[in-house]
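A.B. asks:
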Amino acid sequence: MGELNKLSNFRKILEKGPIILLIVSVLNEFDFNYLNLKYFSFNFPFILIYFWSLKRSGSLGYGLIFLSGLFNDIVTGLPIGVSSLAYLLICGFSAYLRNITLRPSAIKDWFFFGFTILVVNSLIYLIISLIFNVELNYYSILVNLLFTFLFYIIFSGLFNYYLKLIFGAHSV
Amino acid sequence: MQASRDDFVIAIRSAFLKKENKQKFSLVALIFLTFLILISEKFSLKPVEYLKISLKEVAYRSTFIVSIPENFIKKSYIATKNHFLVYEENKALKERLDFELSKNYNSEYIIEENKRLKSTIEEFENAPSEIIGKVLVDKKSPFLRSIIVNRGSKDGIELGMAVMDKSYLIGKVVDVTFTTSRVLLLSDLNSKVPVDIMPNNIQSILSGSGEHHGVIQYTRQQSLIENEAVAFTSGAGGLFKSGIPIGKIQKDPINLKTTVTFFSDFSQLRYVKMISFTGDTE
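Take a look at the structure:
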């Protein structure tokens, strides 16, 4: 009985995996500056939120996504609310795609992700530069977008595997 | 045509307005709340200021804890890299030491002479108040270059204080909470510091580039600036005292751009000094 309880507790922790990853990624902002890779950066929370909202929307609550956006703004020093807006819009785009999709396809999801981050980032940087008068390095932003887009397909493969492992094949 | 537009509207409405299973809030309500926060942030309304202060206290400490594993990997990587470079570095450092020692005698003489001259013109010289802080978070987002230090208003930190690594200027305090403060690095795009370029004593503005160097702007005497010249704070504006070293000038002969390579490596900051120069000289 004790063994069973332990197992179900472990399973519960694994089911909270996306939430833990989201919190860690917004607080930690994995950066690889120490590797001296010029311009290299990607937005991991974008990939995480888009994927889990699309495939299993209950895994990440909208309230939690909103709160994690606020924390991300505090850590990175952006005007408060900007990341929350970006994350929630990504949720909206993925919910829209989920509603119109009859036969899911990884490639279609990937390209729609590219479109989503382009639109969301354009809106966000418009707000940052026009309303808050913050100067931005557009070259860095473009490279960040490109890497985020390219890395989606890799992470979606990993997340799909995790989804099958933890929630069963019917969830995918 | 009409049907496909209806489908689009239904899908949008369902995505944004309908509260989904297992979701406590509707998406559109949260987006609306976010817009409210953004507007309050723009006009610096009190409720948002309080929200920010409380979030900061939680976020900075949590970030420090959450970053421990990554920082461990980072330190191990740097330590391994340095280990392999130690022989070459030792040789270069020995040569540098000999050179610096010879310069040191000269600078000691200049300092003494400076003190004597200051006393002649009866200029007051107070020791600036210095606070040492540990870097809690040095996450460089691609858009903002800043660090968070574990010293706040309770330690006497004030907005605008100069922040130094050893004797080099690295930035200024732009945000203070009770226990922490945010330092905007000189490399940030929004950083602007008045500088003196020596030799030739050229006044200019050093702007951040968003990368690992600064850019010299707003000077009519670009041609007089020599390669390898040194940029010091000019003291204009009264925020920093004059003569704090910042970095070396690098002139690009192709695009005629004048950049500054900082003396301090902003990716390796562990402890920094925060100094207030207000009332330093009268």
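Line order of the protein sequences matches chains A and B.
Taken in order, the first sequence gives residues 1 to 172; the numbers are from the numbering used here.
Taken in order, the second sequence gives residues 1001 to 1282; the numbers are from the numbering used here.
Where is the CB? At the ideal position from N, CA and C, for every residue including glycine.
Since the structure is predicted, the reported quantities are computational estimates derived from the model, not experimental observations.
1. Quickly, what does DSSP pair Arg174 (chain A) with across the bridge? List them, please.
2. Closer than 8 Å, CB to CB, is Thr1281 (chain B) near chain A or not?
3. How about Asn1190 (chain B): is its C-beta nearer than 8 Å to some C-beta of chain A?
4. Check whether the Cβ atoms of Ser1181 (chain B) and Asp1175 (chain B) lie closer than 8 Å to each other.
5. Using the Cα positions of Lys1273 (chain B) and Lys1154 (chain B), report the straight-line distance between them to the nearest angstrom.
6. When we look at the beta-carbon of Arg11 (chain A) and count the other beta-carbons within 10 Å, is it buried (16 or more) or exposed?
7. How is Ala1162 (chain B) classed by DSSP in three states: helix, strand or coil?
8. By DSSP, does Thr1259 (chain B) sit in helix, in strand, or in coil?
9. Return the chain-ordered list of same chain residues with a C-beta closer than 6 Å to the C-beta of Phe66 (chain A), the five sequence neighbours on each side being excluded.
10. When you compare only the Cα positions, how much space is there between Asp1280 (chain B) and Ile1111 (chain B)?
11. How should Ser156 (chain A) be labelled, buried or exposed, when 16 other C-beta atoms within 10 angstroms of its C-beta is the threshold for buried?
12. Could you give the residue range of the alpha helix (DSSP H) that holds Arg1061 (chain B)?
13. Quick one: what does DSSP say Arg1013 (chain B) is sitting in, helix, strand or coil?
14. Identify every run of the beta strand (DSSP E) within the region 63-110 of chain A, keeping only runs that are complete inside it and at least 3 residues long; order them along the chain.
15. Return yes when at least one heavy atom of the ligand HEM lies under 7 Å from the C-beta of Ser1267 (chain B), else no.
16. What residues of chain A sit near Ala1059 (chain B), judged by a beta carbon separation below 8 Å?
17. Residues of the region 1194-1216 of chain B with a CB closer than 7 Å to any CB of chain A: list them in chain order, please.
18. Anything in chain B within Cβ reach of Ile80 (chain A), meaning under 7 Å, just list it in chain order.
19. Taking the CB atoms as reference points, tell me whether Leu1189 (chain B) and Gly1210 (chain B) lie closer together than 8 Å.
20. Taking Cβ positions, are Ser1040 (chain B) and Val1048 (chain B) nearer each other than 8 Å?
21. Could you tell me the distance, in whole angstroms, from the CA atom of Thr1259 (chain B) to the CA atom of Leu1036 (chain B)?
22. Which residues in the same chain as Phe149 (chain A) place their Cβ atom closer than 6 Å to its Cβ, once the five residues preceding and following it in sequence are excluded?
23. According to DSSP, simplified to helix, strand and coil, what is Pro1253 (chain B)?
24. What residues from chain B crowd round Glu15 (chain A), counting only those whose CB sits closer than 8 Å?
25. Please list, in chain order, the chain A residues whose beta carbon lies closer than 7 Å to that of Phe1016 (chain B).
26. By the 10 Å Cβ neighbour count, where 16 or more other Cβ atoms means buried, how is Ala1092 (chain B) classified, buried or exposed?
27. For His1083 (chain B), which of helix, strand or coil comes out of DSSP?
28. What would DSSP say about Tyr1218 (chain B), mapped onto helix, strand or coil?
29. Would DSSP call Val1149 (chain B) helix, strand or coil?
30. May I ask you to list the residues that DSSP assigns as paired with Thr1233 (chain B)?
31. Any beta carbon of chain B sitting closer than 8 Å to that of Phe66 (chain A)?
32. Go ahead and label Val1058 (chain B) buried or exposed: buried means 16 or more other beta carbons lie within 10 angstroms of its beta carbon, across all protein chains shown.
33. For Phe132 (chain A) versus Lys1042 (chain B), is the C-beta distance shorter than 8 Å?
34. Going by DSSP, what residue range makes up the alpha helix (DSSP H) through Glu1041 (chain B)?
35. Taking the straight line between their C-alpha atoms, what separation do you get for Asn1150 (chain B) and Tyr1060 (chain B)?
C.D. replies: Here's the rundown:
1. Beyond the ends of chain A as shown, which are 1 and 172, falls residue 174 (chain A); an answer cannot be given.
2. As a working mapping, residue 1281 (chain B) is identified with position 281 in the second sequence. With a pLDDT of only 43 at Thr1281 (chain B), under 50, the local geometry of the prediction cannot be trusted, and no value is derived from it.
3. Counting from 1 along the second sequence, the entry for residue 1190 (chain B) is found at position 190. Yes, Asn1190 (chain B) lies at the interface with chain A (some Cβ there is under 8 Å from its Cβ).
4. Position 181 of the second sequence holds residue 1181 (chain B). Position 175 of the second sequence holds residue 1175 (chain B). Yes, they are a contact pair.
5. Position 273 of the second sequence, counting from 1, holds the residue named residue 1273 (chain B). Position 154 of the second sequence, counting from 1, holds the residue named residue 1154 (chain B). Going from the Cα of Lys1273 (chain B) to the Cα of Lys1154 (chain B) covers about 16 Å.
6. The residue labelled residue 11 (chain A) in the question sits at position 11 within the first sequence. With fewer than 16 Cβ atoms within 10 Å of its Cβ, Arg11 (chain A) is classed as exposed.
7. In the second sequence, the residue the question calls residue 1162 (chain B) occupies position 162. If DSSP states are grouped into helix, strand and coil, Ala1162 (chain B) belongs with the strands.
8. Within the second sequence, numbered from 1, the residue matching residue 1259 (chain B) stands at position 259. Thr1259 (chain B): strand per DSSP, three-state reduction.
9. Counting from one through the first sequence, the residue named residue 66 (chain A) turns up at place 66. Excluding residues within five positions, the ones whose Cβ falls inside 6 Å are Ser84.
10. For the purposes of this step, residue 1280 (chain B) is taken as residue 280 along the second sequence, with counting starting at 1. For the purposes of this step, residue 1111 (chain B) is taken as residue 111 along the second sequence, with counting starting at 1. In this predicted model, Asp1280 (chain B) has a pLDDT of only 47, less than 50, meaning its place in the structure is not dependable; the value taken from the coordinates is given anyway. One C-alpha to the other measures close to 17 Å.
11. As a position in the first sequence, residue 156 (chain A) is number 156, starting the count at 1. Flag for Ser156 (chain A) reads buried.
12. The residue given as residue 1061 (chain B) occupies position 61 in the second sequence. Arg1061 (chain B) -> alpha helix (DSSP H) spans Lys1046 to Val1066.
13. Here residue 1013 (chain B) refers to the residue found at position 13 when the second sequence is read from its first residue. If DSSP states are grouped into helix, strand and coil, Arg1013 (chain B) belongs with the helices.
14. none
15. In the structure on display, the ligand HEM does not appear, and there are no ligands present to speak of.
16. Counting from one through the second sequence, the residue named residue 1059 (chain B) turns up at place 59. In chain order: Leu27, Phe71, Ile74 and Val75.
17. Gly1210
18. Here residue 80 (chain A) corresponds to residue number 80 of the first sequence, with the count starting at 1. Within chain B, the residues near Ile80 (chain A) are Ile1037, Glu1041, Val1048 and Lys1052.
19. Translated into the one-based positions of the second sequence, residue 1189 (chain B) becomes position 189. Translated into the one-based positions of the second sequence, residue 1210 (chain B) becomes position 210. Yes, they are a contact pair.
20. Here residue 1040 (chain B) corresponds to residue number 40 of the second sequence, with the count starting at 1. Here residue 1048 (chain B) corresponds to residue number 48 of the second sequence, with the count starting at 1. Taking 8 Å as the Cβ cut-off, Ser1040 (chain B) and Val1048 (chain B) qualify as a contacting pair.
21. One-based indexing of the second sequence puts residue 1259 (chain B) at position 259. One-based indexing of the second sequence puts residue 1036 (chain B) at position 36. Computed Cα separation, rounded: 41 Å.
22. Taking the first sequence and counting its residues from 1, the one referred to as residue 149 (chain A) is at position 149. Counting only Cβ-Cβ distances below 6 Å, and skipping sequence neighbours, we find Gly114.
23. Sequence index remark: in the second sequence, residue 1253 (chain B) carries index 253 (1-based). Note: Pro1253 (chain B) maps to coil in three-state DSSP.
24. Here residue 15 (chain A) refers to the residue found at position 15 when the first sequence is read from its first residue. Within chain B, no residue comes near Glu15 (chain A); the closest Cβ sits about 12 Å away, beyond 8 Å.
25. Locating residue 1016 (chain B) in the second sequence gives position 16, where the first residue counts as 1. Residues of chain A passing the Cβ test: Gly92.
26. Start at 1 with the first residue of the second sequence, and residue 1092 (chain B) comes out as number 92. Exposed is the call here.
27. Working through the second sequence from its first residue, we reach residue 1083 (chain B) at position 83. Three-state DSSP puts His1083 (chain B) in a helix.
28. One-based indexing of the second sequence puts residue 1218 (chain B) at position 218. DSSP places Tyr1218 (chain B) in coil when its eight states are reduced to three.
29. Here the question's residue 1149 (chain B) lines up with position 149 in the second sequence. In this structure, Val1149 (chain B) counts as strand in the three-state DSSP scheme.
30. What you label residue 1233 (chain B) is simply residue 233 of the second sequence in a count that begins at 1. Its beta-bridge partners are B:Val1195.
31. Your numbering for residue 66 (chain A) matches position 66 in the first sequence. Cβ-Cβ to chain B under 8 Å: yes for Phe66 (chain A).
32. Residue mapping note: residue 1058 (chain B) aligns to position 58 of the second sequence, counting from 1. Per the 10 Å Cβ criterion, exposed.
33. On the first sequence, residue 132 (chain A) is found 132 positions in, with the first residue counted as 1. On the second sequence, residue 1042 (chain B) is found 42 positions in, with the first residue counted as 1. Result yes, Cβ atoms of Phe132 (chain A) and Lys1042 (chain B) sit closer than 8 Å.
34. Sequence index remark: in the second sequence, residue 1041 (chain B) carries index 41 (1-based). Counting along the chain, the alpha helix (DSSP H) containing Glu1041 (chain B) begins and ends at Leu1027 to Lys1042.
35. Counting from 1 along the second sequence, the entry for residue 1150 (chain B) is found at position 150. Counting from 1 along the second sequence, the entry for residue 1060 (chain B) is found at position 60. If I take the Cα positions, the gap works out to 9 Å.
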